[in-house]
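When the first sequence is numbered by the numbering used here, its final residue is 519 and no position is left out of the sequence of numbers. From the three backbone atoms N, C-alpha and C, an ideal C-beta is built for every residue, glycine too. Notes follow once the structure below has been shown.
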Amino acid sequence: MNSLQPVRGTRDILPDEMRRHRVVIETARAVAARYGYHEMATPVFEFTEVFKRTLGETSDVVTKEMYTFAIGEGEQVTLRPEATAGVARALISGGLTQSLPLKVFYNGPMFRHERPQKGRYRQFHQIDVELLGVAEPLADVEIIALGADILAALGLGQHTTLELNTLGDPESRKAYRAALVEYFSAYRDELSDDSRDRLTRNPLRILDSKDKGDRQLIEHAPLFGDYLNQQSRDFFAGVLAGLDLLGIGYTLNDRLVRGLDYYTHTAFEFTTTALGAQGTVLAGGRYDGLVETMGGPSVPGIGWAAGVERLSLLLAEPPLPPRPIVVVPVGEAAQAAALKLTQDLRHAGFAVELGYSGNLKKRLQRANKMNARAALLFGEEELAAGSATLRDLDSGEQELVSLDRLAERLSRLA
RNA sequence: GUGGCUGUAGCUCAGUUGGUUAGAGCGCCUGGUUGUGGUCCAGGAGGCCGUGGGUUCAAGUCCCAUCAGCCACCCCA
């Protein structure tokens, strides 16, 4: 172990990459604001119970992926593996059930102890959107449309596909689950080890198995469609109608499932083929049973989460830092005045750099390296004239500009 | 957690059947300019060859372990 390298699965986000992250987050935030979503935050860690209860004792996340530690008095806390549980907890403990619907935008780090891969980290970042308190299909349509809009705003509309499924209401779901267990139990010995395990823990997941043998069995497995009651069919039809109306394309995928009991109705994923096995870029669904599971009132909800690292990997053009103006003092005499000039221009709203040392050539080289838009040469001649020499670093042209007209002149630079 | 591939300069990579001072391109620094960047020319710095052990007269090269990254599974953003 080398203590000078970051802990496995964690990484430094250096300025170039941070700019990509910011584009993702700020684009999402801006689009979400147009939909009426307000940003909030909850603590990075919660009592372990919050996640155990919402994600389910048997889920993979809870059984093997949580960072949990004791904090005296027998209390256990866990670094959040996802955002929804914290938001739901806040909804209850903050009395927000009195002001539904609650529409929140969220972003921050999450933690899961998984084997790292590209686009999969132990500390990673999600943007997250939740709509609580609306039971109508209109909410599903809105939340999916919001996701689609954000991906489009990031220029990823063509690179992602929306996959959609319904898990029905609890009644339909329960019936289907029972049918699946009955069907697969008959082939228990032919199932893969993983799927045999899923049979008890999470039978719906068998449908998503990549094992060849499982695949053959799955082909003849009962179909969810046959177990959906009328209410569930109507709900899903409402969602599809809304998406059609808005021109949002989708692919129905009846193998797209969620394991946990509180998930209901709509489940969806925006996927890409560009990230290998980490193809899911934005995913979510309806979770009408969640708040109640946590011990709150019955509040319907729907939301999604998107991986900031994954989205930023897909961004085509890495955003460039803003181009500064560089003040270049020439000679000792101008130093103090240059510092003052720099500060005045910053206060006037310009991004201004004043190198720390070096001769004229050195400073211009640095200005060039930071992709500066222009340099302001400032020496004894300029000092005496109450002016600065403005050098356009793109064209190489220079002109003498008096200090009182400088801000106005700089604002005309392209 | 399971299986596989890979670790050589800041970055991308070369390094022969094990053989003497480990190389290239890019980047970085200095100079060619007393007040003028990008281009060009010259010079320079920078390597516990991921880490630890082993085999050998000799290891960047072979073996073992370990750490890390990557790929697939599991699962997921």
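For the 8 Å CB-CB criterion, E513 and E374 do not form a contact.
The C-beta distance from E151 to T183 rounds to 6 Å, short enough to meet the 8 Å contact threshold. Contact check for N358 against D274 fails: the beta carbons are separated by 8 Å or more.
Under the three-state reduction of DSSP output, N270 falls in the strand class.
Looking from the CA of H370, the closest CA among S337, I353 and G352 belongs to S337. Looking from the CA of A137, the closest CA among G354, D254 and Y332 belongs to D254. About 4 Å separates the beta carbons of G114 and P221, which is inside the 8 Å limit, making them a contact pair.
The alpha carbon of V431 has as its nearest neighbour, out of A421, L109 and G460, the alpha carbon of G460.
Only exposed fits H325, as fewer than 16 other CB atoms lie within 10 angstroms of its CB. Around the beta carbon of G199, fewer than 16 other beta carbons sit within 10 angstroms, so the residue counts as exposed.
For I407, the uninterrupted beta strand (DSSP E) run begins and ends at G406 to G412, by DSSP. The Cβ neighbour count for A493, taken over all protein chains shown within 10 Å, is at least 16; the residue is labelled buried. Residue range P120 to R139 is occupied by the alpha helix (DSSP H) that includes P120. Runs of the beta strand (DSSP E) spanning 3 or more residues and lying entirely within the stretch 425-467 occur at 430-434, in chain order. The three-state secondary structure of E154, taken from DSSP, is helix.
When beta bridges are read from the DSSP output, P242 appears opposite no residue. If you draw a straight line from the Cα of V386 to the Cα of R303, it is about 24 Å long. The alpha carbon of Q231 has as its nearest neighbour, out of I130, L251 and K279, the alpha carbon of I130. Taking all protein chains in view, the Cβ of K223 is surrounded by fewer than 16 other Cβ atoms within 10 Å, so the residue is classified as exposed.
If you check the CB distance, V433 and L482 come in under 8 Å. DSSP places D316 outside any alpha helix (DSSP H), giving it a letter other than H or E.
Here the alpha carbons of N212 and I197 stand approximately 20 Å from one another. Distance from L237 to L256 at the Cβ level is roughly 23 Å; contact not present, criterion being Cβ atoms closer than 8 Å. In terms of Cβ geometry, T132 and A258 form a close pair [threshold 8 Å]. If you draw a straight line from the Cα of L505 to the Cα of A439, it is about 16 Å long.
Taking the Cα of V192 as reference, the smallest distance to any Cα among A410, H452, R496 and L416 is reached at A410.
Here Q503 has T494, L495 and R496 as same chain residues with Cβ atoms under 7 Å from its own Cβ, once five neighbours each way along the sequence are excluded. Pairing G501 with Q110, the inter-Cα distance amounts to about 44 Å. Here the stretch 396-406 makes no contact with the stretch 163-178; the two share fewer than three CB pairs at distances below 8 Å. Between the alpha carbons of R225 and L508 lies a distance of about 52 Å. Under the three-state reduction of DSSP output, R496 falls in the strand class. At the C-beta level, S300 and S290 stay beyond 8 Å of one another. By the neighbour-count criterion, in which 16 or more other beta carbons inside 10 Å mark a residue as buried, I176 falls on the exposed side.
Rounded to the nearest whole angstrom, the CA to CA distance from G384 to S204 is 37 Å. For the pair of segments examined, the stretch 445-465 was found to touch the stretch 420-429: the number of CB pairs separated by less than 8 Å reaches three. According to DSSP, N212 shares a beta bridge with I232.
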